[in-house]
Structure formats: structure tokens, C-alpha cells
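Here's the structure we're looking at; comments come further down.
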Amino acid sequence: MSDFFFALRWQDLVDVGILAAIIYSFILMLQGTRTLQIVLGFLLVGVIYYLTDFFGLDGLHWVLKNLFSSIVVVIIVLFQADIRKALAQIGVRSFLWNSAPRQAVGLIDKLVKVCSYFSKLKIGALIILEKDIGLAEFYTSGTKLNADFSPKLLATLFNTHGPLHDGAVIIDQRQRISYAGCILPLSNQEDLAGNLGTRHRAALGLSEVSDAVILVVSEERGVTSIAHRGKLIHGGGESELRQKLAELYTDSKARLEVDP
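Dropping the structure here:
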């Protein structure tokens with residue numbers, strides 16, 4: 096035993112530490128999802144595979160061996176949405192270093208007011224706040240605007256008589272209204288409430304594959320919600336909505352200060 100510890104190199108400790116961190120992060124990422132249960136099932140099959148070899152169960156061992164030969168393809172097919180989400184999260188710049196804090200007080204205040212206006216008049220809206228993960232793949236489905244942010248422009252875009260009101264508006268990393276009328280992927284979550292419409296499912300779908308913060312105003316109920324990281328959060332009143340947007344968009348729970 097003592098020889099084993101003396102034979103350890105510092106590289107071995109670093110190697111084990113990094114591997115443990117990766118496995119732990121992977122489990123945290125999948126925690127509470129159906130994918131975690133399936134992954135655990137594959138691990139159980141792997142244990143059974145080695146036991147069949149140990150006890151000489153040749154028939155079952157042959158079946159499992161051929162199953163594992165195509166396991167990579169099976170995993171890609173079953174988990175394509177989760178793999179895309181994981182790669183997107185790994186690609187976020189903040190995974191390696193903290194992004195500069197966003198100066199978003201003015202933008203958030205205006206968004207809260209315009210969402211309150213939409214809620215009172217029951218005007219449906221889908222507004223995307225782009226963060227670190229770019230959304231260029233969704234630009235092509237919309238109309239390019241590249242306009243300064245303006246509540247009046249948002250009101251015009253989501254006017255029910257306008258040609259772009261059914262799509263999403265993207266506010267890019269420069270806080271400009273870059274595209275409107277964008278089509279988003281719908282969520283594949285199976286346990287969604289039956290009263291959620293296409294806007295909410297589209298907001299959740301985008302939030303599952305990006306770090307964007309998506310505002311949704313219900314056309315039927317006049318309720319404002321926020322979709323982020325695959326979850327739908329009810330915005331509440333203006334104060335609660337402002338605070339929640341500040342936390343999710345700026346990645347900080349610090350209290351917003353009013354612009355001078």
C-alpha cells in the first residue's frame with residue numbers, strides 16, 4: 096500500500112481531480128432530467144456486461160457486446176437535444192472566465208414597462224435577450240432590422256395587424272433590435288401545462304439550447320413570463336419582473352441602481 100502512494104505522481108492527482116470535476120459537472124447538468132435516468136440505465140447495462148464476462152455467460156455477453164458496438168449512435172440519436180444543450184453551455188464564455196457586467200438598467204426598465212403595457216392590452220409578445228451564446232442560426236427565419244431599442248418599435252412589431260407579430264424579436268448583445276418575426280424551436284418537454292401556447296413552447300425551446308433570457312406575454316391571459324435554461328418563470332408584478340430580469344440577464348443578484 097505504501098508503495099502505491101509513493102508511486103503516485105502529481106500529474107496523477109491532477110488527472111483524477113479533473114476527471115472527477117467533469118463527471119460531477121455532468122451529473123449536475125443532468126440532475127432532475129429523464130436523461131439522467133437513461134444514462135444510469137446504460138451504466139447498469141455496462142456493469143452487467145462485465146459480470147457476464149466474469150461468470151462466463153457467453154450468450155448474454157455476446158448480445159451486450161454487439162449492443163455496445165453501436166452505443167455511440169444510440170446515445171447521439173436519443174440525446175441529440177441534450178447533447179446540443181450541453182455543448183452550448185460548455186461554449187459559453189463565462190465557463191472559462193466571467194463576462195463583463197452588462198449595463199442593462201435602462202433596457203430592463205423599458206422592457207418591464209412595455210411588457211406591462213402589453214399585459215394590460217393582452218398583446219402577445221415574444222422578446223429574446225441574447226447573452227453569450229449567439230443566436231445567428233435563428234436570424235435567417237426573421238427580418239433584419241438592426242435598430243436602436245425602442246418601446247414604440249416593439250409595440251409596432253407586435254401589433255396584431257403587423258406581418259411580424261407572430262414571430263420573436265431578438266435583442267442582440269449590443270442591446271439593439273436586430274431581427275423580428277423569428278421562428279424558434281418548440282420545446283420537447285412532455286410535462287408542460289396544457290394551457291401553454293405556441294409562444295411559451297417556443298420560448299422554452301430556445302431556452303433549452305441557449306443562455307438567452309426570453310420574455311413571453313400571453314395573448315389570452317395577459318401574463319408575463321420568463322423562459323431561461325429550460326424553465327418558465329412567472330414574472331409577477333413590475334417590481335418582481337424587473338428584479339428577475341436583472342438577475343438572469345446580468346448574472347447578478349445585486350440590486351439595480353437607477354441611472355443618473
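All you need for the numbering used here is the position in the sequence shown, starting with 1, plus 95. All C-beta atoms in this analysis are idealised placements derived from N, C-alpha and C, irrespective of residue type, glycine included. Treat the numbers as computed from the prediction; the structure is a model and nothing was measured.
Strictly by DSSP, which residues pair up with residue i?
i, result
"residue 309", "223, 322"
"residue 329", "320"
"residue 265", "223, 274"
Residue i to residue j, Cα distance in whole Å?
i, j, result
"residue 247", "residue 342", "25 angstroms"
"residue 303", "residue 325", "5 angstroms"
"residue 318", "residue 116", "40 angstroms"
"residue 150", "residue 120", "34 angstroms"
"residue 346", "residue 214", "26 angstroms"
"residue 155", "residue 261", "54 angstroms"
"residue 113", "residue 216", "53 angstroms"
"residue 236", "residue 228", "18 angstroms"
"residue 249", "residue 256", "13 angstroms"
"residue 165", "residue 283", "25 angstroms"
"residue 271", "residue 201", "13 angstroms"
"residue 339", "residue 207", "11 angstroms"
"residue 344", "residue 199", "8 angstroms"
"residue 135", "residue 279", "31 angstroms"
"residue 241", "residue 294", "23 angstroms"
"residue 234", "residue 299", "18 angstroms"
"residue 253", "residue 211", "14 angstroms"
Find out if the Cβ-Cβ distance for the pair residue i, residue j is shorter than 7 angstroms.
i, j, result
"residue 226", "residue 148", "no"
"residue 309", "residue 288", "no"
"residue 277", "residue 263", "yes"
"residue 337", "residue 118", "no"
"residue 266", "residue 224", "yes"
"residue 314", "residue 219", "yes"
"residue 275", "residue 259", "yes"
"residue 159", "residue 144", "yes"
With H, G and I counted as helix, E and B as strand and the rest as coil, what does DSSP make of residue i?
i, result
"residue 158", "helix"
"residue 288", "coil"
"residue 278", "coil"
"residue 257", "coil"
"residue 150", "coil"
"residue 193", "Low confidence applies here, because residue 193 scores a pLDDT of 44, under 50, leaving its location unreliable; read the following figure in that light. Looking at residue 193 - three-state DSSP - the assignment turns out to be coil, as it is neither helix nor strand."
"residue 337", "helix"
"residue 298", "helix"
"residue 250", "helix"
"residue 346", "coil"
"residue 165", "coil"
"residue 116", "helix"
"residue 200", "helix"
"residue 36", "Within the shown structure, residues of the chain are numbered from 96 to 355, placing residue 36 beyond reach of any answer."
Between residue i and chain B, is any beta-carbon pair separated by less than 7 angstroms?
i, result
"residue 281", "The structure shown contains no chain B; it holds only a single protein chain."
For residue i, verify whether its CB is less than 6 angstroms away from any heavy atom of the ligand MG.
i, result
"residue 319", "Looking at this structure, you won't find the ligand MG or any other ligand, since it has none at all."
Fully enclosed by the region 206–243, which alpha helix (DSSP H) runs are 4 residues long or longer? 231–234
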